[in-house]
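Here is the structure we will look at, set down as structure tokens.
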Amino acid sequence: MRAWPGILILIASSVIAFAPPRSRNSVILSFTTRSPITLHEPVVVDCRLENQISEPVVADFGFSKQGEMGTLRFAVTEPGGNEMVVPPSDASSVIHSPVKIERGKSFHRQYILDEWHKFAQPGMYRLKLWLSTKIVTQKGDPVETQRDTLLNVHILPRDATKLVHRCRDLLEQVRAIRQKGEKFPTEIAQIMSYMNDPVCIPCVQSLYQEAQDIEATDGLLRIGTDEAMEAMIVGLESNDKDAARYARGILRDHLQNVRSPLIRAKIITAIK
-13 MRAWPGILIL
-3 IASSVIAFAP
7 PRSRNSVILS
17 FTTRSPITLH
27 EPVVVDCRLE
37 NQISEPVVAD
47 FGFSKQGEMG
57 TLRFAVTEPG
67 GNEMVVPPSD
77 ASSVIHSPVK
87 IERGKSFHRQ
97 YILDEWHKFA
107 QPGMYRLKLW
117 LSTKIVTQKG
127 DPVETQRDTL
137 LNVHILPRDA
147 TKLVHRCRDL
157 LEQVRAIRQK
167 GEKFPTEIAQ
177 IMSYMNDPVC
187 IPCVQSLYQE
197 AQDIEATDGL
207 LRIGTDEAME
217 AMIVGLESND
227 KDAARYARGI
237 LRDHLQNVRS
247 PLIRAKIITA
257 IK
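If you read the sequence shown in this note's numbering, its first letter stands for residue -13, the second for the next number, and so on.
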């Protein structure tokens, strides 16, 4: 029987669902998420791969033409029992991007599942997640892998107070990191851009005003109300010409969807 160079342990949690004893000679893949959350708050999964064996390992998380899903696959069982695989396994859409993780190091990637699936109602969602590619040593020897893991995400009924609190907390995290002069926290901005509720408009607008981040423009577009489109006008004054051009294009393309004559007039004046 062939001896494996290491064992891949898979951990999943809102609370950890499967946590075998950690070996000093192991590679640990974990998926975690926040639960419970409130309706219109995004389902965010953090994936972490820790290499504790004596040599580097290589994992291909990849990217896809639609976003960062890459080689991750997941199945969703909705509160009503309907099950679907998201996204369909289409190898042609994956851009392979192998990552080498040195001994004692780790690799992290955030996935916002709302990009591929709409969590449209309260209730308990069961997620099954797996990588469609194998993890190997630098020599090419496979690391024994548990192929999938399960997470439960409990989505509570919409709570405007909790949504505002969550959005403000994320905005304060961005501000604190920027104040320290550290790298812009793209992952936090991405979460904010999926806070898909009108009560989050002021926070998302503040993110754009302060950081001139395109993620905020996308967030306002996802909310999609007249007030969200009006809030996007501040992006036209951005010092970032690309960001301003992006906001102008969205406002022009979606002007016909604005119902309020007053807001429509404001947008028309702003994009001239």
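Glycine included, C-beta positions come from ideal geometry on N, C-alpha and C.
Buried or exposed by the 16-neighbour rule on C-beta atoms within 10 Å, applied to Arg152: By the neighbour-count rule (16 or more Cβ atoms within 10 Å), Arg152 is buried.
Extent of the continuous beta strand (DSSP E) run through Arg59: If you look at Arg59, you'll find it in the beta strand (DSSP E) that goes Leu58 to Thr63.
Outcome for His26 when other beta-carbon atoms lying within 10 angstroms are tallied against a minimum of 16: By the neighbour-count criterion, in which 16 or more other beta carbons inside 10 Å mark a residue as buried, His26 falls on the buried side.
Unbroken beta strand (DSSP E) run spanning Ile39, endpoints: It is not in any beta strand (DSSP E) - Ile39 carries neither H nor E in the DSSP assignment.
Element boundaries [alpha helix (DSSP H), containing Arg161]: Start and end: Ala146 to Gln165.
First through last residue of the alpha helix (DSSP H) which encompasses Lys252: Per DSSP, Lys252 belongs to the alpha helix (DSSP H) from Pro247 to Ile257.
Val30 and Ile177 closer than 8 Å at C-beta: Cβ atoms of Val30 and Ile177: closer than 8 Å.
Coarse secondary structure for Asp199, derived from DSSP in three states: In the three-state reduction of the DSSP assignment, Asp199 falls in the coil class, being assigned neither a helical nor a strand state.
Thr119 - containing alpha helix (DSSP H), residue span: Bounds of any alpha helix (DSSP H) do not take in Thr119, whose DSSP letter is neither H nor E.
For Thr211 and Lys252, the rounded distance between their alpha carbons: Their Cα atoms are separated by approximately 15 Å.
Cβ neighbour criterion (16 or more within 10 Å) applied to Gly167: Exposed.
Neighbourhood of Thr119 by C-beta, 6 Å cutoff - its chain only, sequence neighbours within 5 removed: Within the same chain, Thr119 has close Cβ partners Asp46 and Thr57.
First through last residue of the alpha helix (DSSP H) which encompasses Ser83: No alpha helix (DSSP H) contains Ser83, which DSSP labels as neither H nor E.
Range covered by the alpha helix (DSSP H) that runs through Ser179: For Ser179, the enclosing alpha helix (DSSP H) starts and ends at Thr172 to Ser179.
Backbone secondary structure at Arg8 - three-state DSSP: Residue placement at Arg8 is flagged as unreliable, the pLDDT there being 47, under the threshold of 50; a coordinate-derived value is accordingly withheld.
Enclosing alpha helix (DSSP H) for Ile236 [first to last residue]: First-last of the alpha helix (DSSP H) with Ile236: Lys227 to Asp239.
CB contact flag (Glu41, Thr123, <8 Å): Their beta carbons are under 8 Å apart, which means Glu41 touches Thr123 by this criterion.
DSSP-derived helix/strand/coil call for Ile224: Note on residue identity: the sequence assigns Ser, not Ile, to residue 224. Secondary structure of Ser224 (DSSP, three-state): coil.
DSSP-derived helix/strand/coil call for Asp127: Asp127 falls in the coil class under three-state DSSP.
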